[in-house]
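Residue numbers (our numbering): 79 to 244.
Glycine residues also receive a C-beta, built at the ideal position from the N, C-alpha and C atoms.
Quantities reported herein were computed from a predicted structural model and do not represent experimental measurements.
This report refers to the structure that appears directly beneath it.
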């Protein structure tokens with residue numbers, strides 16, 4: 079398993095893997111905006127000091143994982159933190175070294191930019207229990223939760239009735 083930085087020539091392969099991630103995630107019912115994805119990949123690749131996309135390549139299977147991240151400061155300090163934008167390993171390669179190597183490479187990338195911490199989030203809702211177990215094994219501490227309220231599907235009660243029941 080080889081880990082490397084993505085280039086713009088990897089866009090099609092990343093989009094193919096991104097389609098797998100999309101289909102497996104809680105976002106599968108949202109339409110994909112292919113041009114927006116291309117633009118996002120190009121923007122990330124073009125700003126290597128603050129952004130990265132790391133790719134996991136298998137010698138026979140090709141691209142099997144990717145982790146996109148950035149370094150930025152929090153709104154209340156100039157201290158830099160590294161944050162993932164997406165982190166995905168194809169289903170058939172989970173349990174391989176791909177996720178571990180991507181995470182180690184992201185850590186090195188962040189440390190080279192003087193980031194003080196790594197933040198990895200789970201919002202795609204793919205195998206949360208295994209993801210949490212992996213992140214704990216990697217010495218990450220859980221410091222919050224993601225909550226979702228699908229607005230298009232929610233039957234709304236009048237605000238006054240909600241306030242009475244509260």
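Practice task
Determine the extent of the beta strand (DSSP E) in which residue 123 is found, giving its start and end residues.
Solution key: Not the beta strand (DSSP E): residue 123 falls in the alpha helix (DSSP H), residues 112-124.
Handout entry: Best match in 129, 113, 106, 99 for proximity to residue 84 [C-alpha to C-alpha]
Key = 129
Problem - Test item: CB-CB of residue 192 and residue 158 under 7 Å - result: yes
Handout entry: Beta carbon of residue 110 nearer than 7 Å to that of residue 100
Key = yes
Problem - Three-state class that DSSP yields for residue 90 in the structure shown - result: helix
Exercise for the section: Keeping to the same chain, check which residues put their C-beta closer than 6 Å to that of residue 142; ignore five residues upstream and five downstream. Expected result: 134, 136, 168, 171, 176
Practice task
Would you mind sorting residue 226 into buried or exposed? The rule is 16 or more other CB atoms within 10 Å of its CB.
Solution key: Residue 226 should be labelled exposed.
Practice task
May I ask you to report which of helix, strand or coil DSSP gives residue 149?
Solution key: strand
Exercise for the section: Using a threshold of 7 Å, state whether the C-beta atoms of residue 152 and residue 184 are closer than that. Expected result: no
Practice task
Using only alpha-carbon positions, find the residue among 229, 95, 218, 211 that is nearest to residue 140.
Solution key: 95
Practice task
With a threshold of 16 other CB atoms inside 10 Å of the CB of residue 222, please say whether the residue is buried or exposed.
Solution key: exposed
Handout entry: residue 200 versus residue 186: straight-line alpha-carbon distance, rounded
Key = 21 Å
Problem - Boundaries (first-last residue) of the beta strand (DSSP E) holding residue 163 - result: For residue 163, the enclosing beta strand (DSSP E) starts and ends at 158-167.
Exercise for the section: My understanding is that residue 79 touches residue 208, with C-beta atoms under 8 Å, so please give their C-beta distance in whole angstroms. Expected result: So it is not a contact: roughly 18 Å between Cβ atoms.
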